[in-house]
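Residue numbers (this note's numbering): 21 to 111.
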């Protein structure tokens, strides 16, 4: 099983765009899409790790709890990004 403790996957730097720069906003939107794809991929890896841990003869409760916590963090970040995209599209 691969280690899921890398902090780089959970804290990428997101660009900010000023309202007056359309090209930067476009770039920022595509970066959000890339970030969402990466987060969804990482979420899938965590799901596989969770299934692997649960399939063990004696699953470690702390490992299971840690994986679940990471999955929730990713879900929250995805929801925040989707909320920002919805807000910017409705303007």
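No residue lacks a Cβ here, since even glycine has one placed at the ideal position from N, Cα and C.
Could you spell out where the alpha helix (DSSP H) holding residue i opens and where it closes?
i: residue 96; result: 81-110
Is any heavy atom of the ligand HEM found at a distance shorter than 7 angstroms from the C-beta of residue i?
i: residue 87; result: Summarising the ligand content, the structure contains no ligands, and the ligand HEM is consequently not present.
Let me know if residue i comes out buried or exposed under the rule of 16 or more other beta-carbons within 10 Å of its beta-carbon.
i: residue 87; result: buried
i: residue 58; result: exposed
i: residue 90; result: buried
Assuming contact is defined by CB atoms lying nearer than 8 angstroms, are residue i and residue j in contact in what I supplied?
i: residue 70; j: residue 101; result: no
i: residue 83; j: residue 73; result: yes
i: residue 11; j: residue 52; result: Residue numbering for the chain in the displayed model covers 21 to 111; residue 11 lies beyond these limits and cannot be assessed.
(message) Closer than 8 angstroms is the cut-off here; do at least three beta carbon pairs connect the segment 85-103 with the segment 56-72?
(response) Yes, they touch.
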